[in-house]
Amino acid sequence: MLKRILSVYFSLYLLMLGFVPIRSAGAQERKQFTIAVMNLQAKGVSEVEAEVLSEKLRSHIIQLVSSAEYKQMEGKDQYQVVEREQMDKIFEEFDLQSVGCVSDSCAIEFGKMLQADRILQGTLGKVGETFSISARILDVGSTKTVASITKDLRGTIDEVISTTILEVGDELLIGKKKKSRKLWYIIGGVLVAAGAGAALGGGGGGDEKAPLPQLPAPPGRP
Numbered sequence: 002m003l004k005r006i007l008s009v010y011f012s013l014y015l016l017m018l019g020f021v022p023i024r025s026a027g028a029q030e031r032k033q034f035t036i037a038v039m040n041l042q043a044k045g046v047s048e049v050e051a052e053v054l055s056e057k058l059r060s061h062i063i064q065l066v067s068s069a070e071y072k073q074m075e076g077k078d079q080y081q082v083v084e085r086e087q088m089d090k091i092f093e094e095f096d097l098q099s100v101g102c103v104s105d106s107c108a109i110e111f112g113k114m115l116q117a118d119r120i121l122q123g124t125l126g127k128v129g130e131t132f133s134i135s136a137r138i139l140d141v142g143s144t145k146t147v148a149s150i151t152k153d154l155r156g157t158i159d160e161v162i163s164t165t166i167l168e169v170g171d172e173l174l175i176g177k178k179k180k181s182r183k184l185w186y187i188i189g190g191v192l193v194a195a196g197a198g199a200a201l202g203g204g205g206g207g208d209e210k211a212p213l214p215q216l217p218a219p220p221g222r223p
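Below, the structure written as structure tokens:
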């Protein structure tokens with residue numbers, strides 16, 4: 002009886018740790034989208050700073066969507082990023098500029114010209130000592146916002162380039178990272194195993210039954 006209960010405990014922990022994955026039978030295949038990353042509009046910063054950060058964001062997204070880690074993530078859309086040279090060629094052909102295009106209608110028109118499925122656009126601003134980046138991904142066909150983010154940083158432009166702009170790209174495509182509970186489950190499994198060993202090895206001479214190991218309560222959700 003005790004072995005059966007322990008077997009249930011360990012099966013539960015394996016399930017929590019992801020060793021027994023549960024998938025829906027009708028899981029949908031991930032779709033491939035073409036995305037154009039527009040230059041951020043400068044507000045309270047120089048055009049040079051906005052252009053440098055825009056290129057940093059574009060390069061980071063290219064690296065992110067090309068990485069094996071991103072491609073293996075479940076439920077994430079796959080992207081092909083429009084190259085900067087291709088964008089400049091289209092803008093030059095139509096005698097247009099991407100700088101300052103922050104309205105939905107403007108972004109959608111640019112997206113159609115670039116033959117992109119989605120478009121990323123936003124602003125880079127500064128008030129006092131605080132930098133603020135607002136960005137979002139728009140679906141060109143439906144005109145709906147796919148993802149959006151606003152990040153503020155009180156610091157220097159160097160910190161924005163090295164950390165904040167990268168976080169903007171990550172959260173737009175991946176979302177906010179959730180804290181893993183795997184360590185807690187491993188510790189809980191060790192406690193259960195220790196209790197099981199004590200129950201099986203102790204109390205050999207008496208009639209009193211050893212108490213069954215108790216499964217610790219899971220941590221509260223953040």
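Under the numbering used here, the residues of the sequence shown are numbered 2 to 223, in order. From the three backbone atoms N, C-alpha and C, an ideal C-beta is built for every residue, glycine too.
Host beta strand (DSSP E) of residue i (start-end)
i, result
"residue 34", "33–38"
"residue 153", "146–155"
"residue 123", "119–128"
Residue i in three-state terms, based on DSSP
i, result
"residue 41", "coil"
"residue 163", "helix"
"residue 174", "helix"
"residue 92", "helix"
Enclosing alpha helix (DSSP H) for residue i [first to last residue]
i, result
"residue 53", "48–67"
"residue 73", "First-last for residue 73: undefined, no H or E at that position."
"residue 112", "105–114"
For residue i: DSSP bridge partner residues
i, result
"residue 82", "36"
"residue 135", "124, 151"
"residue 140", "119"
Closer than 7 Å: residue i CB and nearest the ligand ZN heavy atom
i, result
"residue 77", "Here there are no bound small molecules, and the ligand ZN is not part of this structure."
Inspect the CB distances between the segment 135–154 and the segment 61–75 and report whether three or more fall short of 8 Å. no
Per the contact definition of three or more C-beta pairs closer than 8 Å, is the segment 79–95 in contact with the segment 109–117? yes
Are three or more beta carbon pairs between the segment 143–153 and the segment 42–55 nearer than 8 Å? Not touching, per the Cβ criterion.
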